[in-house]
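Undergrad: One structure, pasted below without further comment.
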Amino acid sequence: DSCIQFTRHASDVLLNLNRLRSRDILTDVTILVNRQQFRAHKTVLMACSGLFYTIFTDSLKCNLNAISLDPKVDPEGFAILLEFMYTSRLTLKESLIIAIMNTAIYLQMDHVVDTCHRFIKSSDPS
Amino acid sequence: YEGVNTIKEMGRSIHEIPRQD
Numbered sequence: 001d002s003c004i005q006f007t008r009h010a011s012d013v014l015l016n017l018n019r020l021r022s023r024d025i026l027t028d029v030t031i032l033v034n035r036q037q038f039r040a041h042k043t044v045l046m047a048c049s050g051l052f053y054t055i056f057t058d059s060l061k062c063n064l065n066a067i068s069l070d071p072k073v074d075p076e077g078f079a080i081l082l083e084f085m086y087t088s089r090l091t092l093k094e095s096l097i098i099a100i101m102n103t104a105i106y107l108q109m110d111h112v113v114d115t116c117h118r119f120i121k122s123s124d125p126s
Numbered sequence: 127y128e129g130v131n132t133i134k135e136m137g138r139s140i141h142e143i144p145r146q147d
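If you're matching them up, the sequences are chains A and B in order.
Under the numbering used here, residues 1 to 126 are what the first sequence spells out, in order.
Under the numbering used here, residues 127 to 147 are what the second sequence spells out, in order.
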């Protein structure tokens, strides 16, 4: 018996999910952050964020097709984290890193928070 | 992503969904 592992399968699947998002195919929720709106797939949001996992496993909320986030959330920070969810790449602009980290805390994305923390400490030891 | 210095993070990136709640 043999087993063939396609080592780039996970990244190929993620790329296709991101293509589906950009073409708005089977997206099933709109995330409202202040006045900006983001279309996404609930399953991808749940897979990446503890907050969205909690929301969409709650039988009272799982059928919602629009979710408003706390107004303290920065839309740019959210956009960067949503992009990370669908690409595995986290863009860290100097001016946004605190907003990104705070948004990751809010979205309960602990591993991203830890990585941001280490990045900040390494780039600014003072 | 040319021009941006890319740091490879080998650790876990996201939470693990439990087999059952």
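C-beta atoms are modelled at their ideal positions from N, C-alpha and C, and glycine is treated no differently.
Note that the coordinates shown come from a computational prediction; the quantities given were computed from them, not determined experimentally.
1. How would you label Met136 (chain B), buried or exposed, when you count the other beta carbons within 10 angstroms and need 16 or more for buried?
2. Is Gly50 (chain A) close to chain B, meaning its C-beta is less than 8 Å from at least one C-beta of that chain?
3. Do Asn65 (chain A) and Thr43 (chain A) count as a contact pair if the criterion is CB distance below 8 Å?
4. When you compare only the Cα positions, how much space is there between Asn102 (chain A) and Asp70 (chain A)?
5. If contact means a Cβ-Cβ distance below 9 Å, which residues of the stretch 93-107 of chain A contact chain B?
6. Against Tyr53 (chain A), what residues of chain B qualify as contacts under a CB-to-CB distance less than 8 Å, listed in chain order?
7. Which bits of chain A does Gly137 (chain B) rub up against, with CB to CB less than 9 Å?
8. Is it the case that the Cβ atoms of Ala40 (chain A) and Glu76 (chain A) are separated by a distance below 8 Å?
9. Assuming the contact rule is C-beta atoms closer than 8 Å, Leu26 (chain A) and Leu20 (chain A) should be a hit. Round their C-beta distance to whole Å, please.
10. Would you say Ser11 (chain A) lies against chain B (beta-carbon separation less than 8 Å)?
11. If you check the beta carbons only, do Leu107 (chain A) and Ser68 (chain A) fall under 8 Å apart?
12. List, from N- to C-terminal side, the alpha helix (DSSP H) runs of 4 residues or more that fit wholly inside the stretch 42-78 of chain A.
13. DSSP beta-bridge partners for Thr30 (chain A)?
14. Quick check on Ser68 (chain A) - is its C-beta less than 8 Å from some C-beta in chain B?
TA: To lay it out plainly:
1. Numbered from 1 along the second sequence, position 10 holds the residue referred to as residue 136 (chain B). When all chains shown are included, Met136 (chain B) counts as exposed.
2. In the first sequence, counting from the first residue as 1, residue 50 (chain A) sits at position 50. Closer than 8 Å to some Cβ of chain B, the Cβ of Gly50 (chain A) qualifies, so yes.
3. Your numbering for residue 43 (chain A) matches position 43 in the first sequence. Your numbering for residue 65 (chain A) matches position 65 in the first sequence. Not a contact, by the Cβ cut-off of 8 Å.
4. Start at 1 with the first residue of the first sequence, and residue 102 (chain A) comes out as number 102. Start at 1 with the first residue of the first sequence, and residue 70 (chain A) comes out as number 70. If you take the alpha carbons of Asn102 (chain A) and Asp70 (chain A), they lie about 12 Å apart.
5. none
6. Numbered from 1 along the first sequence, position 53 holds the residue referred to as residue 53 (chain A). Neighbours of Tyr53 (chain A) on chain B, chain order: His141, Ile143.
7. Within the second sequence, the letter at position 11 stands for residue 137 (chain B). Chain A residues near Gly137 (chain B): His111, Asp114, Thr115.
8. The sequence position of residue 40 (chain A) within the first sequence is 40, counting from 1. The sequence position of residue 76 (chain A) within the first sequence is 76, counting from 1. Taking 8 Å as the Cβ cut-off, Ala40 (chain A) and Glu76 (chain A) do not qualify as a contacting pair.
9. Locating residue 26 (chain A) in the first sequence gives position 26, where the first residue counts as 1. Locating residue 20 (chain A) in the first sequence gives position 20, where the first residue counts as 1. Right, their Cβ atoms sit about 6 Å apart.
10. Against the first sequence, residue 11 (chain A) aligns to sequence position 11. Output row for Ser11 (chain A): interface = no.
11. The sequence position of residue 107 (chain A) within the first sequence is 107, counting from 1. The sequence position of residue 68 (chain A) within the first sequence is 68, counting from 1. It is not a contact, given that the beta carbons lie outside the stated cut-off.
12. 42-48, 50-56
13. Locating residue 30 (chain A) in the first sequence gives position 30, where the first residue counts as 1. Paired residue(s): A:Arg39, A:Ala66.
14. For the purposes of this step, residue 68 (chain A) is taken as the residue at position 68 of the first sequence. Cβ-Cβ to chain B under 8 Å: no for Ser68 (chain A).
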